[in-house]
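Okay, so here's the structure we're looking at.
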């Protein structure tokens, strides 16, 4: 009688028990996507919002320019990321260094079987079997060994990788330097713009009520026919135009204080005041007037250029690493061993050995690796030339922009001085009843606009001044500063460095 096959056959396929079991195992090992739940995302958001500005020295008064810089360097989150990046690179360097150490391997094992590990022996001449089975091992056996292994090729490769890791740590330090220069530059810009915004808003708030009252009086005079409609409309146009210009200036400056708070690591919306320092037209150090000297300073100090040089050094090391990987390996081994087998003549012994091996296929792979390293070197050379051109251009542009904005700041300062003299004349005329209230209001608003224009021009000059030093790649301080120091100490070091560079404000 033929046995009936009862296996399930969907679509004509025969599925047996083992096949079904294998399918269950495979399906059990499959991985499905698991998106974060809204509650998980919300909890992470709340946690980060709550910790955004913790562990900071409290604000106990108005903040000066160099305290703002110190707070940014100490608490700015982007800077903290770079510090963590350096710490990671240093840990990677330490990890790579341990690869040069020899290997020390300890092992132990226990074996047991249900019967004797016995065997017969056969004569190779007579083909006869031994009379009785024999064994050289016990049913239960404990073994252990401690081996010291040293691979010469691995040592060479580990040394090269450690040197490359050290260069990567130096690259991380250069990235941090770049972030520091950028943060100081951005703080200087935001600080002066925030100060300008505060003064503009304060000035306009003092005048706003009087301006609206004057406009209302002017409209009543025109409606009553007591004065020429053209004269009143012309006056209103002048006031509205001045007010519109104030609004444009306010729009340019209104976010500066929020940006400054973010740079200092403060939660946006945190109330704080800033000190109004004196304003002097900053002048570059006379040593920074020679363009050839500036280019040499920039090329030797810019973090981007140093980064390329470190990458080229890493590339050179990679050439040696590729060659080493194609060579035969040689290893030395020494150690001690123990075996509990009582049938052994010696239950413990010392061992010493050497082994040479060579994966010949790596020799065929070497030309491809070498060509890849050469291509990377050509790319780095091209990047180095492009970066050199970019640095030279940035130095020229920064110097030209500084010179232009310095002249513009001088002109706006002169214009403001003239406008203030006009206002004083108007105030004297008002006291002598020779000038009208309307004319005085107009000139007060013109003075506010002139003052705000000077503030903006001065903020732009300060930005250009800092941009010159950023283009040169110079650190914001003369000597290394421990950022774990107090804000007062960091601010003092910054103030001293920038005083020496010609910035007498702040």
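In mature numbering (1 follows the signal peptide of the UniProt record, and there is no 0), the protein residues as written are -21 to -1, 1 to 485.
Heads up, the beta-carbon is just placed ideally off N, CA and C, and yes, glycines get one too.
Asked	Found
Quick check: what's the CA-CA separation for residue 199 versus residue 217?	17 Å
For a quick check, are the C-beta atoms of residue 387 and residue 402 less than 8 Å apart?	no
Out of curiosity, what's the CA-to-CA distance linking residue 326 and residue 86?	16 Å
Is there contact here, the region 290 to 300 with the region 92 to 112, by at least three beta-carbon pairs under 8 Å?	no
Does the count of Cβ pairs from the region 62 to 78 and the region 144 to 153 closer than 8 Å reach three?	yes
Would you mind giving the Cβ-Cβ distance between residue 45 and residue 453, rounded to the nearest angstrom? I have them listed as a contact below 8 Å.	Actually they do not touch by this definition, with Cβ atoms about 16 Å apart.
Short check: CB of residue 305 to CB of residue 357, under 8 Å?	no
If contacts are defined as beta-carbon pairs under 8 Å, then residue 96 and residue 123 qualify, I think. What distance do you get, rounded to the angstrom?	Not quite, the Cβ-Cβ distance comes to about 19 Å (not below 8 Å), so this is no contact.
Buried or exposed: which applies to residue 383, given that a residue is buried once 16 or more other Cβ atoms fall within 10 Å of its Cβ?	exposed
With contact counted as at least three CB pairs below 8 Å, one residue from each stretch, are the region 123 to 133 and the region 157 to 170 in contact?	no
Over what stretch of residues does the beta strand (DSSP E) that includes residue 82 continue unbroken?	82 to 91
Contact check, residue 330 vs residue 347 under 8 Å by CB: the rounded distance?	No, residue 330 and residue 347 are not in contact; Cβ-Cβ is about 39 Å, not under 8 Å.
Across the region 206 to 226 and the region 243 to 260, are there enough close Cβ pairs to call them in contact, namely three or more that are closer than 8 Å?	no
Got a sec, what are the start and stop residues for the alpha helix (DSSP H) residue 446 sits in?	416 to 451
Helix, strand or coil for residue -21, going by three-state DSSP, please let me know.	The predicted model places residue -21 with a pLDDT of 42, which falls under 50 and marks its position as unreliable; any figure quoted below should be read in that light. Three-state DSSP puts residue -21 in coil, outside helix and strand.
Buried or exposed for residue 328, going by 16 or more other Cβ atoms inside 10 Å?	exposed
Touching or not, the region 191 to 210 and the region 456 to 475, by the rule of three or more beta carbon pairs under 8 Å?	no
Output the residue ranges of the alpha helix (DSSP H) runs that lie fully inside the region 178 to 217 and measure 4 residues or longer, sorted by chain position.	none
Tell me whether residue 335 sits in a helix, a strand or coil according to DSSP, three-state version.	strand
Enumerated in chain order, which unbroken segments of the alpha helix (DSSP H) with a length of 4 residues or greater are wholly contained in the region 256 to 343?	270 to 280 and 282 to 304
Just to confirm, is the Cβ distance from residue 211 to residue 176 under 8 Å?	no
What is the rounded straight-line gap between the Cα of residue 270 and the Cα of residue 287?	23 Å
Would you list the residues sitting across from residue 98 in a DSSP beta bridge?	113
Kindly indicate the opening and closing residues of the alpha helix (DSSP H) around residue 45.	44 to 54
Here's the rule: buried if 16 or more other CB atoms are within 10 angstroms of the residue's CB, otherwise exposed. What is residue 352?	buried
With distances taken Cα to Cα, identify the nearest neighbour of residue 429 among 109, 154, 108 and 228.	228
What residue from 79, 483, 109 and 447 has the CA that sits closest to residue 274's CA?	447
I'd like the span of the alpha helix (DSSP H) that includes residue 487, first residue to last.	No statement about residue 487 is possible, as the shown extent of the chain runs from -21 to 485 and does not include it.
Where does residue 169 land, buried or exposed, given buried means 16+ other C-beta within 10 angstroms?	buried
For residue 179 versus residue 255, is the C-beta spacing smaller than 8 Å?	no
Could you check the C-alpha separation between residue 409 and residue 371 for me, to the nearest Å?	56 Å
For residue 151 versus residue 65, is the C-beta spacing smaller than 8 Å?	yes
Who are residue 108's beta bridge partners in DSSP?	101
Whole angstroms are fine: how far does the CA of residue 308 sit from the CA of residue 337?	6 Å
Pull up the distance between the alpha-carbon of residue 12 and that of residue 82, whole angstroms please.	40 Å
With respect to the alpha helix (DSSP H) encompassing residue 514, which residues constitute its N-terminal and C-terminal limits?	Residue 514 is absent from the structure shown; the chain starts at -21 and stops at 485.
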